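Structure first, commentary second.
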Amino acid sequence: MFVYIIRRTIQSIPALIGIAVFSFILLHIVPGGPAQTLLGQHSTPQRIAAINRSLGLNKPLAVQFWVWFDNLLHGNFGYSYTFNQPVLKVIGQYLPHTLAIVLIAVVLSHLIAVVLGTIQGYFRNRWFDHVITTVVFFFWSMPVFWLAIMVILIFSIYLGWFPSGGINFADGGATGFFGYIDHAALPVLVLVLATVATWARFMRSSMIDSMLQDYIRTARSKGLSELSVVFKHALRNSLLPIITLFGLSIPTLFAGALVIELVFNYPGMGLLFWNAALQRDYPILLGIIMIIGLLTVVGNLLADVLYSLVDPRISYK
Amino acid sequence: MISQPTNSLIMDDPAAREEKPVRSRSWRAFWHHPLGMVGVIGIVSIVLFCFVGPLIYHASAYTTNITALMQAPSLRFPLGTDDLGRNYLARLMLGGQVSLIVGFAAAVASMAIGVTYGLISGLLGGTVDAVMMRIIDVLLTIPTLFVLLFLDAVFQPNALLLTLILAITSWFGVTRLVRSEVLSIKERDYVEASKAFGASNWHIMLRELLPNVMGTVMVATIFQVAGSIIAIATLSFLGLGLPAPQPNWGEMLSTSMSYMFQDAWWLIYPPGIALLWTLLSINFISEALQNAIDSRL
Numbered sequence: 000m001f002v003y004i005i006r007r008t009i010q011s012i013p014a015l016i017g018i019a020v021f022s023f024i025l026l027h028i029v030p031g032g033p034a035q036t037l038l039g040q041h042s043t044p045q046r047i048a049a050i051n052r053s054l055g056l057n058k059p060l061a062v063q064f065w066v067w068f069d070n071l072l073h074g075n076f077g078y079s080y081t082f083n084q085p086v087l088k089v090i091g092q093y094l095p096h097t098l099a100i101v102l103i104a105v106v107l108s109h110l111i112a113v114v115l116g117t118i119q120g121y122f123r124n125r126w127f128d129h130v131i132t133t134v135v136f137f138f139w140s141m142p143v144f145w146l147a148i149m150v151i152l153i154f155s156i157y158l159g160w161f162p163s164g165g166i167n168f169a170d171g172g173a174t175g176f177f178g179y180i181d182h183a184a185l186p187v188l189v190l191v192l193a194t195v196a197t198w199a200r201f202m203r204s205s206m207i208d209s210m211l212q213d214y215i216r217t218a219r220s221k222g223l224s225e226l227s228v229v230f231k232h233a234l235r236n237s238l239l240p241i242i243t244l245f246g247l248s249i250p251t252l253f254a255g256a257l258v259i260e261l262v263f264n265y266p267g268m269g270l271l272f273w274n275a276a277l278q279r280d281y282p283i284l285l286g287i288i289m290i291i292g293l294l295t296v297v298g299n300l301l302a303d304v305l306y307s308l309v310d311p312r313i314s315y316k
Numbered sequence: 000m001i002s003q004p005t006n007s008l009i010m011d012d013p014a015a016r017e018e019k020p021v022r023s024r025s026w027r028a029f030w031h032h033p034l035g036m037v038g039v040i041g042i043v044s045i046v047l048f049c050f051v052g053p054l055i056y057h058a059s060a061y062t063t064n065i066t067a068l069m070q071a072p073s074l075r076f077p078l079g080t081d082d083l084g085r086n087y088l089a090r091l092m093l094g095g096q097v098s099l100i101v102g103f104a105a106a107v108a109s110m111a112i113g114v115t116y117g118l119i120s121g122l123l124g125g126t127v128d129a130v131m132m133r134i135i136d137v138l139l140t141i142p143t144l145f146v147l148l149f150l151d152a153v154f155q156p157n158a159l160l161l162t163l164i165l166a167i168t169s170w171f172g173v174t175r176l177v178r179s180e181v182l183s184i185k186e187r188d189y190v191e192a193s194k195a196f197g198a199s200n201w202h203i204m205l206r207e208l209l210p211n212v213m214g215t216v217m218v219a220t221i222f223q224v225a226g227s228i229i230a231i232a233t234l235s236f237l238g239l240g241l242p243a244p245q246p247n248w249g250e251m252l253s254t255s256m257s258y259m260f261q262d263a264w265w266l267i268y269p270p271g272i273a274l275l276w277t278l279l280s281i282n283f284i285s286e287a288l289q290n291a292i293d294s295r296l
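Printed below as a string of structure tokens:
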């Protein structure tokens with residue numbers, strides 16, 4: 000078991016290096032390269048040449064990559080010229096706000112999807128299944144920003160229950176825990192609505208698969224109650240594939256969070272990314288892409304390890 | 000959106016393999032599926048609206064009327080006017096054109112890359128396959144929307160460049176599907192026979208493998224059209240899509256958000272409904288197509 004975890008961890012190293020290579024390529028397609036980026040409007044050919052020399056950018060590409068990669072390994076993701084701070088420090092200020100809404104949304108969305116999918120899978124092709132399938136299909140087709148607009152219209156403008164955004168930590172606009180909850184409620188709701196459809200569809204088909212298995216017939220013929228058959232036997236096994244799906248859906252979650260943060264003006268990584276894109280702050284942009292890549296790799300790793308823990312059929316060899 | 004794994008075209012039933020008009024049978028299954036019909040009608044109507052509409056309804060989408068800013072729908076302006084006094088119905092029609100053309104072109108281009116990559120990887124196998132698939136694994140961990148925004152910020156693209164960027168960032172999924180099908184198809188007798196006759200890899204790829212993965216590829220293409228349209232709308236909504244003044248549903252929605260508190264409902268619902276109409280139709284078609292391909296088994 001322990002060996003399996005170690006081996007699986009080592010296997011994810013090429014993926015991490017791959018993300019680094021990818022980001023390096025992205026950085027080098029920027030017109031003018033990193034020096035131009037660092038200098039921004041203050042760039043002159045002399046300054047660019049000086050920076051290129053000091054960063055070693057006049058060396059062969061392979062050497063450049065090594066220098067850059069070495070910096071990454073030491074936690075140096077570059078320097079943001081709009082914030083005048085190291086990239087990692089800036090991201091560190093914004094990431095927790097994004098993680099907060101993403102994590103809450105993921106938990107809620109999974110709970111709802113599991114309940115819906117289980118009932119749908121059990122009452123397959125009955126009216127409940129048809130109604131939910133149709134509703135889920137609608138939500139599944141909606142772009143995240145459209146969901147956000149609708150949620151603001153309904154809960155903020157027509158009902159007036161929650162603010163449509165404008166959380167601000169600097170001037171104390173959202174004071175205390177409840178102020179935060181108040182402002183995070185709608186972003187979380189949108190993210191739940193945007194993700195629950197995929198998971199409910201998946202859960203439904205997973206549940207249908209489980210219900211057709213032999214062990215369900217065995218459980219029934221043992222005379223177990225229907226509740227026990229569904230929850231103890233079918234549901235447990237249907238949950239397994241969801242774990243893998245979660246690992247794969249991390250980039251989608253952050254993409255959803257990006258759009259939502261912009262619509263609600265919520266100070267997370269998405270808003271940071273957008274502002275950086277408008278100001279052409281490439282080190283921040285690349286830093287965020289890399290951090291999400293890293294989180295995805297780690298998420299997939301955790302999902303695999305978790306899967307191996309809960310599914311005894313997986314061999315650790 | 001995460002695409003459901005599509006069922007393959009593998010026909011294990013010998014009777015089905017003998018019978019010739021397999022293709023026409025799955026087409027019939029497609030048309031008999033209620034969602035297929037609804038989807039086709041939906042997409043045809045939106046294409047007519049966007050491309051034939053402007054030929055019938057001759058109002059300009061660009062002329063600003065300073066005397067008629069933010070007008071509610073009336074006889075003169077069937078869908079009202081926007082904040083610059085431009086005819087909203089005319090803008091709605093034009094706004095779909097770019098999304099539909101770029102969305103479709105990007106999907107086809109993305110499939111071309113993805114299918115080629117998958118065919119080569121699956122057919123060659125061995126170390127080449129392993130390396131090619133590890134590259135795909137890495138690309139799948141890259142957050143696509145963020146990369147799209149990054150490239151958009153760097154290049155400030157026109158429609159053609161946007162098509163290319165969308166295609167380059169979206170072909171990884173179909174590659175996996177195609178490769179896994181190729182792995183099973185290439186063991187079949189007819190491929191073996193072709194090899195025995197000395198057929199080149201190119202011949203096997205184009206003549207034996209490609210026709211047999213087309214069903215999967217078609218479903219994936221339709222999924223990708225929806226994905227590209229969402230991506231274009233999202234980019235425009237975020238203010239980083241195609242340059243003004245060419246209207247776009249995403250950009251129209253982003254403008255109308257500023258007037259949400261002024262009860263300007265005619266600015267919000269039409270582009271949203273048009274977008275949703277398009278996406279639902281496309282998803283209906285892909286659902287029906289998937290069922291039709293399954294039902295051949």
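Order-wise, the sequence lines are chains A and B. When you line the first sequence up against numbering that gives the first Met the number 0, it's residues 0 to 316, in that order. When you line the second sequence up against numbering that gives the first Met the number 0, it's residues 0 to 296, in that order. Ideal placement from N, C-alpha and C gives every residue a C-beta, glycine not left out. Since this is a predicted model, take the numbers as computed values, not measurements.
For Met141/A, the C-beta contacts it makes with chain B under 7 Å involve Leu275, in order along the chain. Inter-segment contact for the stretch 217 to 225 of chain B and the stretch 145 to 155 of chain B is absent: fewer than three beta-carbon pairs are separated by less than 8 Å. Using beta-carbon distances, Pro250/A counts as an interface residue toward chain B, with a partner under 9 Å.
Annotated as distal: Ile231/B and Ile42/B, with beta-carbon spacing of 9 Å or more. Scanning chain B for C-beta atoms nearer than 9 Å to the C-beta of Phe272/A yields Phe145, Leu148 and Phe149, reported in chain order. Listed along the chain, the chain A residues whose CB falls inside 8 Å of the CB of Met131/B amount to none; the nearest CB is some 13 Å away.
The C-beta separation of Pro53/B from Leu93/B comes to about 6 Å, placing the pair in contact by the 8 Å criterion. Residue-level contact by beta carbon holds for Thr233/B and chain A, with a gap shorter than 9 Å.
Counting of Cβ neighbours within 10 angstroms places Gly124/B among the exposed residues, the total staying below 16.
With a threshold of 9 Å between beta carbons, Tyr3/A makes no contact with chain B.
In chain order, Ile151, Leu152 and Ile156 make up the part of chain A whose C-beta sits under 7 Å from the C-beta of Met259/B. Under the Cβ criterion (8 Å, minimum of three pairs), the stretch 190 to 206 of chain B counts as touching the stretch 110 to 126 of chain B.
Under the three-state reduction of DSSP output, Thr220/B falls in the helix class. Residue ranges of uninterrupted alpha helix (DSSP H) with 4 or more members, entirely inside the stretch 108 to 143 of chain B and ordered along the chain, are 125 to 140. In the three-state reduction of the DSSP assignment, Ser42/A falls in the coil class, being assigned neither a helical nor a strand state. For the stretch 208 to 241 of chain B, the beta-carbon criterion of a distance under 7 Å to any beta-carbon of chain A is satisfied by Ile229, Ala232, Thr233, Phe236, Leu237 and Leu239. Secondary-structure assignment with DSSP links Tyr78/A through a beta bridge to Pro85/A. Nothing from the stretch 86 to 97 of chain B brings a Cβ to less than 8 Å from some Cβ of chain A. In the three-state scheme derived from DSSP, where H, G and I count as helix and E and B as strand, Asn86/B is classed as strand. Closest in alpha carbon position to Val130/A, among Gln119/A, Ser140/A and Trp139/A, is Gln119/A. Rounded to whole angstroms, the separation of the alpha carbons of Cys49/B and Gly271/B is 15 Å.
Chain B places no beta carbon closer than 9 Å to that of Phe76/A, leaving this residue out of the contacts.
Comparing C-alpha distances from Gly113/B to each of Ala219/B, Thr254/B and Thr162/B shows the shortest one belongs to Ala219/B. For Ala71/B, no alpha helix (DSSP H) encloses it, and the DSSP letter there is neither H nor E.
Proximity of the stretch 219 to 236 of chain A to the stretch 262 to 274 of chain A falls short of the contact definition, fewer than three beta-carbon pairs being nearer than 8 Å. For Arg123/A, not one C-beta of chain B is nearer than 9 Å to its own C-beta. With contacts defined as CB atoms closer than 9 Å, Ile111/A and Ala199/A qualify as a contacting pair. Thr80/B sits in a strand when the DSSP states are folded into three classes. Contact annotation for Trp145/A against chain B: Leu252, Gly271, Leu274 and Leu275 [CB-CB distance below 8 Å, chain order]. Listed along chain A, the residues sitting closer than 7 Å to Asp136/B by beta-carbon distance are Ala14. Non-local C-beta neighbours of Tyr56/B in its own chain, meaning closer than 8 Å and more than five positions away in sequence, comprise Leu88, Ala89 and Met92, ordered along the chain. In terms of CA proximity to Leu241/B, Leu159/B leads the group Leu159/B, Gln261/B and Thr174/B.
Per DSSP, the unbroken alpha helix (DSSP H) holding Phe127/A starts and ends at Trp126 to Ser140. Here Lys231/A carries a helix assignment [DSSP, helix/strand/coil]. Nearest neighbour of Ser248/A by Cα position, chosen from Pro142/B, Glu186/B, Ala192/B and Tyr258/B, turns out to be Pro142/B. For Met259/B, no alpha helix (DSSP H) encloses it, and the DSSP letter there is neither H nor E.
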